[in-house]
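Quick note: the sequence shown uses full-length UniProt numbering, first residue 1, plus one each step.
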Amino acid sequence: MGNSTLPRFFAVIALSFSCLSLSVLPMSKGWTQDVSNAEINSYIKKLGSDNYSEYEKTSKALQKLGSKAVPDLVKALQNKNPKVRSSAADALGKIGEKAASATPALAEALKNDNEAYVRSSAAQALGRIGKEAASATPALAEALKNDNDYVRSSVAYALESIGKEAASATPALAEALKNDNDYVRKSAAQALGKIGEKAASATPALAEALKKDKEAEVRKSAADALGKIGEKAASATPALTEALKNDKQAGVRSSAASALGSISEKAASAVPALIEALKNDKQAGVRQYAAVALGRIGEKAASAVPALIEALKKDRNTKVRSNAADALSSIGKEAASAVPALIEALQKDKEWLVHSSAAGALGSIGKEAASGVPALIQALNENEYSCYEDSEDNSRECGSGLVSHNAIYALKNIAESYQDNASKLSSTDLDKGISNLEKALKAADDLKDNFRDEQKRPLHRSLYLLKKEKDSRFFDRTLKWMVKHPWVTGALIYIIFVPSLWFALLRLRPLWLLHIDNALKPFSSFKLPDILGGGTLPIRTLLFIEFFNYRPRVLDAWVVAHIDSAKEGFGKKKTVSDRFVHVPIPIILDNNNLAHLTGKDLQPTFDKKRASLLLWGEGGAGKTSLACQLAVWAMSDDANQRISQHKMLPVLIEQELDFDVAAGEQPLTEAICGQLQALIGEAEPIPEELLAHLLRQRRILVIVDHLSEMSEATRKQIRPGDPDFTANALIVTSRLEEKLDEIPKTTIKPLRVAGDRLSSFMEAYLTQRGKRNLFDDPEYFDACRRLSLMVGQRNITVLLAKLYAEQMIATKEGTAIDLPNNIPDLMLAYLNELNRGAAENEPDNRTVQRDAKAIAWECLKQTLRPTTAILNDVLAALDAHDNAEARLEHLKKRLHLIDIIGSEENKIRFALDPLAEYLAGLYLLDSYGNDKISWHNFLAQAEATSDIELIKGFLLALQDCYLAKGAEAQIPDFVAAKLATLTGLVPQPTRQTQLVAKAVSC
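This is the structure we're talking about:
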């Protein structure tokens, strides 16, 4: 680059940056204004150009400038060049409302400009400015008289655009309807239509134009204008009717029909013509507007209902069918005959538009459309988005959920119609209305996502009021009937009120029913006065209380009221307290082995109307302990622990029944009554009737202990198969599998403790006794091993295991010297433990053992099974020793080894049957020794027993005694052989002796 070029290049660059910086600096307002005015003036000068393209550009530029150009354009309206003036008016018109300030100038130009096309442009500009040019109305009205057609047409357009604000021009527009120019007449009619009601004075002129104008467009515009004037154009009804009937142009007929609809009820005289048009006009649009007009006329068009039904059913045009349904909706109740057709349209028409209108019509008809409720309920599901296209006028309508929403509103209207006429409805219609509304609400609730609560609220309100109306009718009818029949009314009130009172007490205070019943018992036979016949009247029956006083709820309340006393009293029973430690053992429940029994296992048994449970097994198997545990469960507060769904009070029958009772009384019932009274600590006996219901409804659990050891007389009282046997919840313990009248019963057989389970049983027992901590593990397992060696291969009863555990405790606590080596010694050790701490003046251990053996034999010698012994016989057996009665008292009160029972306290029974059997066996060994004759007599007695199972427990105990002490007592060998035959067990004395010796040496 040369030397002269380089400076020039930098100069150009500097100038460019200077221009750029000037372009971004804000210009002063005055300068900007000067530029705009200059532009506008240049544009205005170009308005007179003959170049159309340049004119268009200029016009658009001025339009873009908007209100800024208005003042200069107003000035241009005075330009000498008419083309400039016309173009300026056009530009102001294109600016529109923003050129409103030019209205006076444009009005002046309209009035005074010499050129017709300038005046026409001014009028058009005023029309484009619209309502804001209303002040020019007088000038426009005057200009309608202009002799130029273009000016008049433009003026009519301007007045149409100004609309209602140009009402003062109505007379001039009416006059313009007579103008020779078709466009002027049409525009005048359209302008009158825009003015609306305020152009009512032009109605005659419009009617005249409708009748006589040769141009269809003018006639159509006249009809449209009459429609927009509305009811104030009612005087034009004949002309509109005539046009509807006879005008050849479909558009005119459509507009005439529409106008008649706008006139509404005042066009009622046109109904026949509208019906005819609906039925026979070939143009769908005419039929559509005819249907609309009939609907707007409303009830006065009731005569059109058949034609509307026909159109709804058969017209091929969807809008005609839809409008027909809408018209029926507007006619309302008078269109009740259309309900079947509307239902059919709602269910079967292919177009959603018709469905929507039909639903609305059913709602408008009201309660007379009740038969349509099922169809409306079905329509609630019609929620999809749908569109309808009219092929004739190319219109398109779309909607989403309109059918379902119209259906819900229709249901609302029907409901409100029912509500408004509730007092006039027949009972049948009232019930039908309630049923329909309930179904509708259920359907709406199922579609809760589609309907808002406020849409359903009217249905709920109407349903409530209809039900209230129904209730009030019932009350009114009942009240009138009661006034008419006072005696019957009194009886009914009595029959209803008294049982209702008892029912309320049954729910709230059930025990009060028993108290009231007891208070009424003295009046159970109330003698009526002679004047009333002198008969007797059972008060409790008359007061209906006997139907409530022994209901299950009452009995449950009675049990709950005494349950705490029963728990305390039952726990104090010696039989129960001696067995307070409960260790679960395996049992057989109805031939099913269970590791341990729970109360829930017996619920199927004791929830039956009649429940019998037999606990059977050998002596010492734990039957009584288990029965006591079941009794505790029966009183439990835990429903899952109970043996039945409801609580029961246990009554333990463990003694022979006293048959010295009053005539007609049952010994068992008397025993239960006495035991229950003592159990709950009542001062008075339990009422016989209450006791019977408690027994029959299984609120008392009767436990009969050691039935097999009871006398035949007592056994005969336990007859659950007897219809008069009231104890429907019965537990029986026995050494035998009792038949119990061959009734269906549940059986439980406790199993012996298996050798491999001895350790876990002892662990559980000692833990529950709180004594497990006395033994370290070696001591504990050594004691268990000694017990296992002592019993050999046999499983042992629970009693023996418990007695051994007690001996373990006694040995550890220092009250016993050592653990026994065999079962008979275990029994004797148990006696020694009971007698621990005896005073010097009380019998020592040897005396206690000797007396216990003698008494045990007295209790067994008659039947060879533990029963009762006569007190005098026992005293006779003890007479050989001093102070027999004192020693007997020691065994009873100090050791609790025996019980003196019977109403005369003249019988003795051992507390533990297995203990009695072993002590009796030891007694025989001591007494018979090697006396073969005595042994032969005894064995003969045993062999003569009818059921050897009854005495098997004693024979096994005797066999154990023989094995342990037979050699020492010099018992003949044949005794062992015979016992083996009777028991079915072959003893192995040599092996047992070796095992015991080994255990002792360890």
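Note that CB positions come from ideal geometry on N, CA and C, so glycine has one too.
| Query | Result |
| --- | --- |
| Neighbourhood of Asn593 by C-beta distance below 6 Å, restricted to the same chain and skipping five residues each side | none |
| C-alpha gap between Asp873 and Ile908, whole angstroms | 10 Å |
| Where the beta strand (DSSP E) through Val702 begins and ends | Ile700 to Val704 |
| Distance between Ser760 and Gly620 (C-alpha atoms, nearest Å) | 19 Å |
| Meets three-Cβ-pair contact criterion under 8 Å: the segment 711-719 and the segment 683-700 | no |
| Cβ distance (whole Å) where Phe414 is taken to contact Lys367 below 8 Å | Just to set this straight, residue 414 is Ile in the shown sequence, not Phe. 6 Å between Cβ atoms; contact. |
| Beta-carbon proximity of Leu878 to Ala884, cut-off 8 Å | yes |
| Alpha carbon of Ser67 to alpha carbon of Ile229, nearest angstrom | 36 Å |
| Member of Ser927, Thr863, Lys965 and Gly193 whose CA lies at the smallest distance from the CA of Leu177 | Gly193 |
| Beta-carbon contacts of Gly93 that lie in its chain and below 6 Å, excluding the five residues immediately before and after | Gln124, Ala125 and Arg128 |
| Pair within 8 Å by beta-carbon distance, Ala369 and Leu362 | yes |
| Asn114 - DSSP class collapsed to helix/strand/coil | coil |
| Nearest candidate by alpha-carbon position, reference Gln78, set Ile44, Leu62 and Thr847 | Ile44 |
| Residue closest to Asp973, alpha-carbon to alpha-carbon, out of Ala167, Arg185 and Tyr962 | Tyr962 |
| Which listed residue (Ala222, Ala102 and Tyr117) has its alpha carbon closest to that of Lys83 | Tyr117 |
| Pairwise C-alpha distance: Pro750 and Thr983 | 20 Å |
| CB contact flag (Asn549, Leu511, <8 Å) | no |
| Contact under 8 Å by Cβ, Asp705 with Ala634 | no |
| Unbroken alpha helix (DSSP H) run spanning Ala967, endpoints | Lys952 to Ala969 |
| Which of helix, strand or coil DSSP assigns to Leu925 | helix |
| Candidates Lys978, Ala942 and Asn930: closest to Glu968 by CA position | Asn930 |
| Three-state secondary structure (DSSP) of Arg909 | strand |
| Through-space distance from Lys470 to Ile680, alpha-carbon basis | 54 Å |
| Same chain only: Cβ atoms within 6 Å of Leu939, ignoring 5 sequence neighbours per side | Lys978 |
| Collapsed DSSP secondary structure at Pro650 in the structure displayed | strand |
| In DSSP terms, what Trp616 is bridged to | Ser734 |
| Stretch pair the segment 826-837 + the segment 652-660: three plus CB contacts closer than 8 Å | no |
| Beta-carbon separation (whole angstroms), Val732 vs Leu614, contact threshold 8 Å | 5 Å |
| Limits of the alpha helix (DSSP H) - the one that Ile331 falls within | Thr318 to Ile331 |
| Length of the line joining the Cα atoms of Trp857 and Leu925 | 11 Å |
| Alpha-carbon spacing of Pro204 relative to Arg321, whole angstroms | 34 Å |
| Reference Leu465; option with closest CA among Met482, Ser168, His485 and Gly433 | Gly433 |
| Three-state secondary structure assigned by DSSP to Asn436 | helix |
| Span separating the alpha-carbon of Ser644 from that of Gly571 | 20 Å |
| Three-state secondary structure assigned by DSSP to Val753 | strand |
| Cβ shell of Ile672 (< 8 Å), same chain only, five flanking positions each side left out | Val651, Ile653, Leu691, Leu695, Ile700, Val702 and Ala727 |
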